[in-house]
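Enquirer: Numbering (the numbering used here), first residue to last: 216 to 313.
Yeah, the Cβ is synthetic: ideal placement off N, Cα and C, and Gly gets one too.
Below: one structure in structure tokens.
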Amino acid sequence: MSTFSTLSSLGGSMRTDVFTTPATFWEAVAEHVAEQVTPALKMGERARKPIIAYLRDLEGIARRECDSRQAIQIIASGRHILGDRSDIEPIDGPFSRT
């Protein structure tokens, strides 16, 4: 069984299969986050909420699967740019305490 994070409010759907996220996804995460954050900057606070939730989920996945501290920081920065100041709970993983 796979768990998917889906965001369809931007006219399409984004899916990150948490069991098969390829390393190439994490290598390109800066572009992926920018694609979500840039248009959201023109949206109101309410419209940003699904994008922020997606980025929270993505950060949790990154903390479990990704071995790049930079990727986690990029995702967290994207959330902060959109106004999210919440902390992501530490999870067991290579950078679970960052």
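Classify ALA243: buried if its beta carbon has 16 or more other beta carbons within 10 angstroms, exposed otherwise.
Expert: The residue you call residue 243 lines up with position 28 of the sequence shown. Classification for ALA243: exposed.
Enquirer: Rounded to a whole number of angstroms, what is the C-alpha to C-alpha distance between ARG300 and ARG294?
Expert: As a first step, residue 300 must be located in the sequence shown, where it is residue number 85. As a first step, residue 294 must be located in the sequence shown, where it is residue number 79. Those two C-alpha atoms are separated by around 8 Å.
Enquirer: Report back the beta-carbon spacing between ILE303 and ARG263 to the nearest angstrom; my notes put them in contact at under 8 Å.
Expert: The sequence position of residue 303 within the sequence shown is 88, counting from 1. The sequence position of residue 263 within the sequence shown is 48, counting from 1. Incorrect: roughly 17 Å between the Cβ atoms, too far for contact.
Enquirer: Of the residues LEU297, ILE296, ILE290, which one's Cα is nearest the Cα of ALA245?
Expert: For the purposes of this step, residue 245 is taken as the residue at position 30 of the sequence shown. Here the closest residue by C-alpha is ILE290.
Enquirer: Is it buried or exposed, LEU256, if we count other Cβ atoms within 10 angstroms and call 16 or more buried?
Expert: Indexing the sequence shown from 1 puts residue 256 at position 41. Result: exposed.
Enquirer: Give the C-beta separation of ILE267 and LEU297 to the nearest angstrom, bearing in mind that I take them to be a contact with Cβ-Cβ under 8 Å.
Expert: Position 52 of the sequence shown holds residue 267. Position 82 of the sequence shown holds residue 297. Your pair ILE267 and LEU297 checks out as a contact, with CB atoms roughly 5 Å apart and the cut at 8 Å.
Enquirer: Give a yes or no on whether the C-beta atoms belonging to GLN288 and TYR269 are separated by under 8 Å.
Expert: Residue numbering aside, residue 288 sits at position 73 when the sequence shown is read from its first letter. Residue numbering aside, residue 269 sits at position 54 when the sequence shown is read from its first letter. Not a contact, by the Cβ cut-off of 8 Å.
Enquirer: Tell me, to the nearest whole angstrom, how far the beta carbon of TRP241 is from that of SER283; I am working on the premise that it is less than 8 Å.
Expert: Position 26 of the sequence shown, counted from the start, is the residue given in the question as residue 241. Position 68 of the sequence shown, counted from the start, is the residue given in the question as residue 283. Right, their Cβ atoms sit about 6 Å apart.
Enquirer: Is DSSP giving ILE303 helix, strand or coil here?
Expert: Counting from one through the sequence shown, the residue named residue 303 turns up at place 88. Coil, per DSSP.
Enquirer: With DSSP collapsed to three states, give me the class of PRO254.
Expert: Working through the sequence shown from its first residue, we reach residue 254 at position 39. If DSSP states are grouped into helix, strand and coil, PRO254 belongs with the helices.
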